[in-house]
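Asker: Okay, here's the structure, questions in a sec.
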Amino acid sequence: MAYVRGAGQRTKPATTGIMVVPLLASTLILGCSVPNSETASEDLQIVNGSAQTLVLGDSMRLEAVVMEPLPRRLSGEVIWRTEQTDVIALGPDGAVTPRGVGAATVTAEYQGRSATVAIKVSSPTVNAPASLTLRPARLTLSSGQTGTLDAIARGPGGKVIDDPSLQWRSSDTEVIAVESGRLVAGRPGEAVVSATLGDLSSSAAISVVASQVPPS
Numbered sequence: 006m007a008y009v010r011g012a013g014q015r016t017k018p019a020t021t022g023i024m025v026v027p028l029l030a031s032t033l034i035l036g037c038s039v040p041n042s043e044t045a046s047e048d049l050q051i052v053n054g055s056a057q058t059l060v061l062g063d064s065m066r067l068e069a070v071v072m073e074p075l076p077r078r079l080s081g082e083v084i085w086r087t088e089q090t091d092v093i094a095l096g097p098d099g100a101v102t103p104r105g106v107g108a109a110t111v112t113a114e115y116q117g118r119s120a121t122v123a124i125k126v127s128s129p130t131v132n133a134p135a136s137l138t139l140r141p142a143r144l145t146l147s148s149g150q151t152g153t154l155d156a157i158a159r160g161p162g163g164k165v166i167d168d169p170s171l172q173w174r175s176s177d178t179e180v181i182a183v184e185s186g187r188l189v190a191g192r193p194g195e196a197v198v199s200a201t202l203g204d205l206s207s208s209a210a211i212s213v214v215a216s217q218v219p220p221s
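Below, the structure written as structure tokens:
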């Protein structure tokens with residue numbers, strides 16, 4: 006029970022009607038809720054991060070999410086744009102395909118919001134050769150005849166590598182001369198032709214026989 010004190014008067018019990026309004030007012034105030042500006046945020050974000058590096062021959066697909074307030078992936082609702090079309094090709098679904106070495110900026114747009122991601126495109130790194138083979142491994146030529154050796158270099162995964170830095174050598178240039186795999190047979194005899202690529206080396210045995218002169 007609440008009491009109201011008057012000036013120079015004895016306190017008296019307050020009537021119950023006086024308490025109704027304060028209680029209702031208190032109830033109304035407590036029942037109100039103030040929106041949280043953070044949970045109402047609807048920022049647009051690109052899932053793949055702020056920067057990407059691709060190699061020519063690669064591809065990827067960008068994805069965007071909107072926070073409203075929980076993250077929601079957007080599909081078919083985002084407009085993707087780039088001005089560096091000579092560096093990347095950009096599909097309507099966010100697919101990115103490198104076209105040339107360089108840097109590009111991709112922008113995602115959704116209902117007045119935007120987000121960007123930087124993409125760098127570089128040349129593929131040539132793997133160091135793991136093996137080197139000469140074919141054929143044995144060859145017979147007649148004096149004055151020409152032939153060819155094929156050098157096959159392979160990377161760690163077995164992929165053939167085209168490398169112009171091969172060094173060719175003949176153990177006897179009077180028997181067989183070699184230049185970039187092309188052979189020219191000289192006098193009859195035996196010689197070994199080798200090709201070197203870095204720390205790798207491979208060889209082939211070459212026999213030169215006298216050319217047969219057709220009977221007159």
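Note that the sequence shown covers residues 6 to 221 in this note's numbering. For each residue, glycine too, the CB sits at the ideal point set by N, CA and C.
At a cut of 8 Å, does the region 92 to 104 reach the region 64 to 80 through at least three beta carbon pairs?
Answerer: Taking a cut-off of 8 Å on C-beta distances, the region 92 to 104 touches the region 64 to 80, as three or more cross pairs fall below it.
Asker: Do residue 157 and residue 144 have their C-beta atoms closer together than 9 Å?
Answerer: If you number the sequence shown from 1, residue 157 lands on position 152. If you number the sequence shown from 1, residue 144 lands on position 139. It is not a contact, given that the beta carbons lie outside the stated cut-off.
Asker: Going by the CB atoms, is the gap between residue 113 and residue 51 shorter than 9 Å?
Answerer: Translated into the one-based positions of the sequence shown, residue 51 becomes position 46. Translated into the one-based positions of the sequence shown, residue 113 becomes position 108. Yes. Within cutoff.
Asker: Please name the residue or residues paired with residue 172 in a DSSP beta bridge.
Answerer: Here residue 172 is taken as the residue at index 167 of the sequence shown, counted from 1. Residue 172 pairs with 201.
Asker: Shortest alpha-carbon distance to residue 111 belongs to which of 68, 179 and 142?
Answerer: Looking up residue 111 in the sequence shown gives position 106. Nearest of 68, 179 and 142 to residue 111, Cα basis: 68.
Asker: Am I right that residue 207 and residue 199 are in contact with their C-beta atoms under 8 Å? What's the rounded C-beta distance?
Answerer: Residue mapping note: residue 207 aligns to position 202 of the sequence shown, counting from 1. Residue mapping note: residue 199 aligns to position 194 of the sequence shown, counting from 1. That belief holds up - the Cβ atoms of residue 207 and residue 199 are roughly 7 Å apart, short of 8 Å.
Asker: Could you tell me how far apart the beta carbons of residue 173 and residue 165 are, in whole angstroms, since I believe they sit closer than 8 Å?
Answerer: The count along the sequence shown starts at 1 and reaches residue 173 at position 168. The count along the sequence shown starts at 1 and reaches residue 165 at position 160. Actually they are not in contact, since the Cβ atoms of residue 173 and residue 165 sit about 19 Å apart, beyond 8 Å.
Asker: Could you check the C-alpha separation between residue 147 and residue 177 for me, to the nearest Å?
Answerer: Mapped onto the sequence shown, residue 147 falls at position 142. Mapped onto the sequence shown, residue 177 falls at position 172. If I take the Cα positions, the gap works out to 15 Å.
Asker: With a CB to CB cut of under 6 Å and the five nearest residues on each side skipped, what residues in its chain are close to residue 191?
Answerer: Here residue 191 corresponds to residue number 186 of the sequence shown, with the count starting at 1. Closer than 6 Å at Cβ, skipping near neighbours: 179 and 180.
Asker: Counting C-beta neighbours from all protein chains within 10 Å, is the total for residue 142 16 or more, i.e. buried, or is it exposed?
Answerer: Along the sequence shown, read from residue 1 onward, the residue named residue 142 stands at position 137. When all chains shown are included, residue 142 counts as exposed.
Asker: Return the bridge partner residues of residue 145 from the DSSP annotation.
Answerer: On the sequence shown, residue 145 is found 140 positions in, with the first residue counted as 1. Paired residue(s): 212.
Asker: Take residue 49 as the anchor and find which of 89, 153, 161 and 120 has the nearest alpha-carbon.
Answerer: Mapped onto the sequence shown, residue 49 falls at position 44. In terms of Cα proximity to residue 49, the closest of 89, 153, 161 and 120 is 120.
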